[in-house]
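Q:
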Amino acid sequence: MPELPEVETVVAFLSPALQGKFIRSIDLPNGYSKVIENGNLSSVINAVKGRKIVRLSRRGKYIVFELGQGFLVFHLRMTGKLLLHPLQKKFEKHLSFCIGFKDNSNLYFYDTRKFGRIYFSRTLEWLEEKLGIEPLSKEFNLSWLTQSLGQRKRMMKPLFLDQSYIAGLGNIYIDEILWKASIHPQSISNKIPEQSIPNLYKSIRSILQDAISYNGTTFINFSFGENRTGEFKEKLNVFGKQGQSCPNCGGKIQKIRVGQRGTHICNHCQKLYV
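Quick look at the structure:
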């Protein structure tokens, strides 16, 4: 599933092309109505037809189209792609949603596995209620992280996967962050020594910022634009590297299960705090 850096990449790519456009039409080419999470096609058309796309932004793993009055929100889930041009005819069956604009351009939402969703809402209160702090925001600082970890008694990997705690993190970047911070993913949050938290904070910010600079990570199927891919895969240290040597100590990277998720670790470098 696209995580914060991948969604940020999509927003950065689409923003110059879509900001300022007026919505002319919305269509479900293959009749897949479940793509609209909280309504039906006619209600969404009535709400957004003629509206101007004022701004595109990201909240967690969601893509937000601000329409002046209301919001269209996209969640790509596993295989969703927002494209400015149609794919080849053989991919037509995967086209879940299409927005037509008054300048006769279009936005296409392709989704092979059909898990992606679109929401229309008058406000974003529902989204804010679901999601926690943004890890690249000013509000996310060392003091906040230190205090919030101390108030919780959870394993680090499941805690960081919880979108109501920190929004946008997922399997890839959590493994990379915890490795860089030398913290075992099964460590208990309120047992992390206070002197280790500054390194964890720096690791969160630097890993995410570096990944964004490389347009995210294409590990299986993430792409954007004209089949462009994220290049951060070449910079990964542990994720998907089981059996290979740890870049830090030379030991073997292992793949274990933490909270029912495959998790990549170096047992030598990452200390367990329980």
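Counting in our numbering, the sequence shown runs from 33 upward without gaps. Glycine included, each C-beta is placed from N, C-alpha and C at the ideal position.
Measuring straight from C-alpha to C-alpha, what distance separates lysine 53 and serine 255?
A: Residue 53 sits at position 21 when you count from the first residue of the sequence shown. Residue 255 sits at position 223 when you count from the first residue of the sequence shown. So the alpha carbons of these two residues sit roughly 23 Å apart.
Q: Using the three-state DSSP reduction, which class does lysine 121 fall into: helix, strand or coil?
A: Taking the first residue of the sequence shown as 1, we reach residue 121 at position 89. Three-state result, lysine 121: helix.
Q: Go through its chain and collect everything with a Cβ distance to methionine 188's Cβ below 7 Å, but skip five positions before and after it.
A: Mapped onto the sequence shown, residue 188 falls at position 156. Cβ neighbours of methionine 188 beyond the five flanking positions: Leu210, Ile215, Pro217, Ser219 and Ser221.
Q: Quick one: Cα of glycine 275 to Cα of tryptophan 176, how far?
A: In the sequence shown, counting from the first residue as 1, residue 275 sits at position 243. In the sequence shown, counting from the first residue as 1, residue 176 sits at position 144. Each residue's Cα considered, the two are about 36 Å apart.
Q: First and last residue of the beta strand (DSSP E) that includes tyrosine 197?
A: Residue mapping note: residue 197 aligns to position 165 of the sequence shown, counting from 1. First-last for tyrosine 197: undefined, no H or E at that position.
Q: Quick check: the Cα distance between leucine 36 and alanine 199, rounded to an integer number of angstroms?
A: Translated into the one-based positions of the sequence shown, residue 36 becomes position 4. Translated into the one-based positions of the sequence shown, residue 199 becomes position 167. So the alpha carbons of these two residues sit roughly 8 Å apart.
Q: Under DSSP, the beta strand (DSSP E) around tyrosine 151 begins and ends at which residues?
A: Here residue 151 is taken as the residue at index 119 of the sequence shown, counted from 1. Looking at the DSSP string, the run of the beta strand (DSSP E) that includes tyrosine 151 is 149 to 153.
Q: Going by alpha carbons, who is nearest to arginine 56 out of Arg83, Ala44 and Gly63?
A: Numbered from 1 along the sequence shown, position 24 holds the residue referred to as residue 56. Of the listed residues, the one whose Cα sits closest to arginine 56 is Arg83.
Q: Tell whether a beta-carbon distance below 8 Å holds between leucine 50 and leucine 88.
A: Within the sequence shown, the letter at position 18 stands for residue 50. Within the sequence shown, the letter at position 56 stands for residue 88. Yes, the pair counts as a contact, with Cβ atoms nearer than the cut-off.
Q: Determine the direct distance from the alpha carbon of serine 153 to that of glutamate 166, and round the result to whole angstroms.
A: Working through the sequence shown from its first residue, we reach residue 166 at position 134. Working through the sequence shown from its first residue, we reach residue 153 at position 121. C-alpha separation (whole angstroms): 21 Å.
Q: Over what stretch of residues does the alpha helix (DSSP H) that includes aspartate 242 continue unbroken?
A: The residue labelled residue 242 in the question sits at position 210 within the sequence shown. Looking at the DSSP string, the run of the alpha helix (DSSP H) that includes aspartate 242 is 229 to 245.
Q: Using 8 Å as the cut-off, can you tell me whether the region 145 to 163 makes contact with the region 256 to 268, which would need three or more C-beta pairs spanning the two stretches below that distance?
A: A contact is defined here as three or more CB-CB pairs under 8 Å, and the region 145 to 163 fails this definition with respect to the region 256 to 268.
Q: In the DSSP assignment, the alpha helix (DSSP H) including threonine 41 goes from what residue to what residue?
A: As a working mapping, residue 41 is identified with position 9 in the sequence shown. First-last of the alpha helix (DSSP H) with threonine 41: 36 to 50.
Q: What does the alpha-carbon distance come out to for the pair lysine 134 and leucine 168?
A: Taking the sequence shown and counting its residues from 1, one reaches residue 134 at position 102. Taking the sequence shown and counting its residues from 1, one reaches residue 168 at position 136. Going by the C-alpha atoms only, they are around 35 Å apart.
Q: On the DSSP letters alone, give me the boundaries of the alpha helix (DSSP H) that lysine 162 sits inside.
A: Translated into positions along the sequence shown, residue 162 becomes position 130. That run of the alpha helix (DSSP H) goes 157 to 162.
Q: When DSSP labels each residue in this structure, what does threonine 295 get in the three-state scheme?
A: Counted from its first residue, the sequence shown places residue 295 at position 263. Here threonine 295 sits in strand by DSSP.
Q: Answer yes or no: do leucine 156 and isoleucine 224 have a C-beta to C-beta separation smaller than 8 Å?
A: Here residue 156 refers to the residue found at position 124 when the sequence shown is read from its first residue. Here residue 224 refers to the residue found at position 192 when the sequence shown is read from its first residue. No; because the gap between Cβ atoms is not below 8 Å, this pair is not in contact.
Q: Return helix, strand or coil for phenylalanine 67, following the three-state DSSP convention.
A: Stepping through the sequence shown from its first residue, residue 67 is reached at position 35. The displayed chain sequence assigns valine, not phenylalanine, to residue 67. The answer is helix: DSSP assigns valine 67 an H, G or I state.
Q: In terms of residues, what are the limits of the beta strand (DSSP E) holding lysine 128?
A: Mapped onto the sequence shown, residue 128 falls at position 96. Residue identity check: residue 128 is serine in the sequence provided, not lysine. Element bounds for serine 128: 127 to 133.
Q: Reducing DSSP to helix, strand and coil, say where phenylalanine 172 ends up.
A: Within the sequence shown, residue 172 is the residue found at index 140, counting from 1. Phenylalanine 172: coil per DSSP, three-state reduction.
Q: Where do the ends of the beta strand (DSSP E) carrying isoleucine 55 lie?
A: Within the sequence shown, numbered from 1, the residue matching residue 55 stands at position 23. Residues 55 to 59.
Q: Suppose you measure from the CA of isoleucine 244 to the CA of leucine 114; what does that come to, to the nearest Å?
A: As a working note, residue 244 is residue 212 in the sequence shown. As a working note, residue 114 is residue 82 in the sequence shown. Distance between the alpha carbons of isoleucine 244 and leucine 114 is about 18 Å.
Q: So, using beta-carbon positions, are serine 128 and glycine 100 closer together than 8 Å?
A: As a first step, residue 128 is located in the sequence shown; it is residue number 96 there, counting from the start. As a first step, residue 100 is located in the sequence shown; it is residue number 68 there, counting from the start. For serine 128 and glycine 100, no; Cβs fall outside 8 Å.
Q: Tell me, please, whether the region 291 to 300 touches the region 266 to 273 by the rule of three or more beta-carbon pairs shorter than 8 Å.
A: yes
Q: Can you tell me whether valine 42 is buried or exposed? The criterion is at least 16 other CB atoms within 10 Å of its CB, across all chains shown.
A: In the sequence shown, the residue the question calls residue 42 occupies position 10. Buried, since its Cβ has 16 or more Cβ neighbours within 10 Å.
Q: What separation, rounded to the nearest whole angstrom, lies between the Cα atoms of serine 75 and lysine 81?
A: For the purposes of this step, residue 75 is taken as the residue at position 43 of the sequence shown. For the purposes of this step, residue 81 is taken as the residue at position 49 of the sequence shown. Distance between the alpha carbons of serine 75 and lysine 81: 10 Å.
Q: Whose C-alpha, out of Ile77, Asn72, Pro61 and Gly71, is nearest the C-alpha of proline 118?
A: Here residue 118 is taken as the residue at index 86 of the sequence shown, counted from 1. Considering only alpha carbons, the answer is Pro61.
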